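Report on the structure given below.
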Amino acid sequence: MLCESSNWYGTHKIDIVVNANLELPDKFCHLGDTLIVDGDAHAAVETRIRSGWNKFRQLVPLLNNKDISLIVRGRLHSRCMRSSILHGNETRPIRKESEVALQQEEMRMVRWMCGIKLQDRIPSKGLRGRLGLDDTILVLQQKRLQWYEHVLCKEDNDWVKKCVKYAVEGASARGRPKKTWREIVVKDCQVCN
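Add 1 to a position in the sequence shown, counting from 1, and you land on the number used in our numbering.
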C-alpha cells in the first residue's frame with residue numbers, strides 16, 4: 002500500500018507493507034489533549050485540569066496578592082485558568098463525573114485565591130460572587146452552545162457539520178449507549194431556554 006502526504010517541503014511517499022504490525026496505543030496526546038481509543042473524554046478533562054493547575058501555579062504571586070482586589074483576581078482566573086481548563090471541552094460529550102471534577106478543581110482554586118479553607122464552610126456561590134465568576138458548568142454550557150451555533154452556520158457539505166449529523170450504523174453494545182455531543186447540546190438548549 003502506498004501512502005502519500007504533503008507539507009511545505011513537498012510530497013512524501015511511504016510504502017507500507019501489507020503484513021506490517023502497527024502499534025495501537027490506548028492513549029494519544031495531540032496538541033495538549035489526551036485522546037483515548039474508546040472515545041471517552043475523561044482523560045482529556047484530567048489533562049485540561051492539570052493544565053489549569055500549571056497555569057495557576059505560575060500566577061500564584063498575583064492571585065494571592067492582597068493588594069489586588071478579588072474582582073481583578075477573578076478576571077485573571079477567568080481569562081487564564083478557566084480558559085485553560087475549559088479549552089476544547091465544548092466539542093466533547095462530557096460525563097457528569099467529569100463536570101463535577103471540573104467544578105471541584107475550580108472551586109479549590111477559588112478557595113485558595115480567597116484564602117478560605119474548606120472547613121470554613123462558606124458556600125461556593127458566595128465565593129464565586131466575591132470574585133465575580135459564573136458557575137463553571139454554566140460557562141461550559143454557553144461555550145457548547147456557541148460552538149453549536151458556529152457549526153450550524155457552516156455549509157452543508159462541511160465535514161464538521163457532517164460529523165454532527167452522522168449516525169453510527171450497525172448493532173450497538175448492550176446497555177445504555179454513551180451520550181452523544183448532540184444529546185448534550187439539546188439538554189443545554191432546554192436548560193438555557
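Don't be surprised by glycine CBs; every beta carbon is placed ideally from N, CA and C.
Since the structure is predicted, the reported quantities are computational estimates derived from the model, not experimental observations.
- For Glu107 against Arg83, the beta-carbon gap comes to about 7 Å, under 8 Å, which counts as contact.
- One thing to note: Leu132 has its Cβ no nearer than 8 Å to the Cβ of Ile117.
- Excluding residues up to 5 positions away in sequence, Lys56, Leu60 lie with their Cβ nearer than 7 Å to the Cβ of Cys81 in the same chain.
- Annotation for Thr35: the continuous beta strand (DSSP E) segment containing it runs 34-37.
- By the neighbour-count criterion, in which a residue is buried when 16 or more other Cβ atoms sit within 10 angstroms of its Cβ, Leu134 is buried.
- Shown here, His31 sits in a strand according to DSSP, grouped into three states.
- In this structure, DSSP gives Cys154 a state outside helix and strand, which the three-state scheme calls coil.
- CA-CA distance, Leu139 to Glu24, rounds to 40 Å.
- Under the three-state reduction of DSSP, Ala44 is assigned to helix.
- When Cβ pairs closer than 8 Å are counted between the two stretches, the region 144-159 is seen to touch the region 84-94, the count reaching three or more.
- For Met114, the closest C-alpha among the options Arg122, Gln120, Ile95, Leu77 is that of Leu77.
- With at least 16 other beta carbons inside 10 angstroms of its own, Ala45 counts as buried.
- Here the alpha carbons of Arg109 and Ser125 stand approximately 10 Å from one another.
- Here Leu141 has Leu87, Asn90, Glu91, Ile95, Glu100, Leu103 as same chain residues with Cβ atoms under 8 Å from its own Cβ, once five neighbours each way along the sequence are excluded.
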